[in-house]
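S.K.: Dropping the structure in here first, questions after.
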Amino acid sequence: MTTFKDHFSTNNAGYAAHRPTYPPALVEYLADSAPDRALALDAGCGTGQLSTLLAERFAQVVATDASAQQIAAATPHARVTYRTAPAERSGLPEASTDLVTVAQAAHWLDLDPFYAEVRRIARPRAVVALITYGVLHVEDAAADEVAQRFYSEVIGPYWPPERRHVEEGYRALPFPFAPLDAPALDIEVAWRLPDLIGYTETWSAVRAAEKAVGRGPIEAFHAELTEAWGDPDSVRRVRWPLSLRVGRVERP
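Structure, rendered in structure tokens:
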């Protein structure tokens with residue numbers, strides 16, 4: 001039985017295909033900050049967007065998600081072990097882990113037991129990082145205006161309340177670790193119109209709006225965005241600012 005807030009298992013293929021990936025500079029920063037590069041845990045991993053990147057710098061990555069459907073759709077990698085498990089039950093040994101990441105998922109977690117798990121599995125001076133990206137920005141002003149209005153006005157009432165933590169860059173979440181300075185980073189992609197539409201279809205608020213009022217407002221957004229975009233094969237730069245809460249686990 002599902003006992004967690006599951007907003008994504010109904011569109012696993014879309015999530016895997018259309019969610020943006022993280023910049024290499026993020027992984028380099030995390031790897032350089034960790035005490036070693038033997039083992040990383042990526043909790044709430046979804047379909048492995050960050051997990052597979054971490055595996056390029058760490059000898060082993062364990063990636064967990066409470067959704068069996070997300071794990072089933074995850075991208076395979078020789079150094080990534082995927083497990084269906086809540087974030088607070090990693091199954092890892094005590095004092096074994098150099099880095100713990102939660103990317104775009106910390107606002108769904110029960111943080112107290114998760115942080116207890118982090119302290120249990122952390123090696124001395126291990127690093128924990130909460131990572132989130134905010135609202136997208138399209139380089140084309142007309143397309144960006146359409147996207148912003150859809151996000152905030154059309155489906156705004158359908159975002160789960162936890163979404164405010166994303167918009168606040170996780171600043172209001174408790175974070176009981178010795179803070180580390182993190183670089184200013186963005187996710188940037190070069191997308192065609194179908195890529196952006198596919199991405200918006202992964203939004204939890206879109207699924208909630210669809211259930212409440214049907215596809216009408218969503219299809220109207222697609223039509224408006226198509227008009228603003230022009231040639232659907234034209235490539236536009238799309239950017240998301242990254243927000244990082246990074247700290248070092250100080251074991252007693």
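Counting in the UniProt record's numbering, the sequence shown runs without a single skipped number right up to 252 at its last residue.
Beta carbons: idealized from backbone N, C-alpha and C, even for Gly.
#1: Just verifying my parser: in three-state terms, what is the DSSP assignment at Pro86?
#2: Look up Ala141 in the DSSP assignment and say whether it is helix, strand or coil.
#3: Cα-Cα, which of Ala38, Cys45, Asp233, Arg89 is closest to Leu130?
#4: For the putative contact between Ala38 and Ala55, defined by C-beta atoms under 8 Å, what is the C-beta separation to the nearest angstrom?
#5: Quick check on Thr81: buried or exposed, where buried means 16 or more other Cβ atoms within 10 Å of its Cβ?
#6: Could you name each continuous beta strand (DSSP E) segment of 3 residues or more that falls completely within the segment 89 to 115, going from the start of the chain to the end?
#7: Around the C-beta of Ser234, are 16 or more other C-beta atoms found within 10 angstroms, so that it is buried, or is it exposed?
#8: Do you know offhand how far Asp110's Cα is from Ser152's?
#9: Could you name the residues of the same chain whose beta carbon sits closer than 7 Å to that of Ser9, not counting the 5 residues immediately before and after it, in chain order?
#10: Which partner residues does Trp191 have in the DSSP bridge list?
#11: Pull up the distance between the alpha-carbon of Trp191 and that of Pro161, whole angstroms please.
#12: Smallest Cα separation from Pro241: which of Trp229, Arg89, Glu188?
M.R.: So, from the data block:
#1: coil
#2: helix
#3: With respect to the C-alpha of Leu130, the residue from Ala38, Cys45, Asp233, Arg89 having the closest C-alpha is Cys45.
#4: About 12 Å; that fails the 8 Å criterion.
#5: exposed
#6: 97 to 103
#7: exposed
#8: Roughly 26 Å separates the two Cα atoms.
#9: Because Ser9 carries a pLDDT of 45, less than 50, the predicted location of this residue cannot be relied on, and the following value inherits that uncertainty. Closer than 7 Å at the Cβ level, and outside the excluded window around Ser9, lie Ser67, Gln69, Gln70.
#10: Arg236
#11: 29 Å
#12: Answer by Cα proximity: Glu188.
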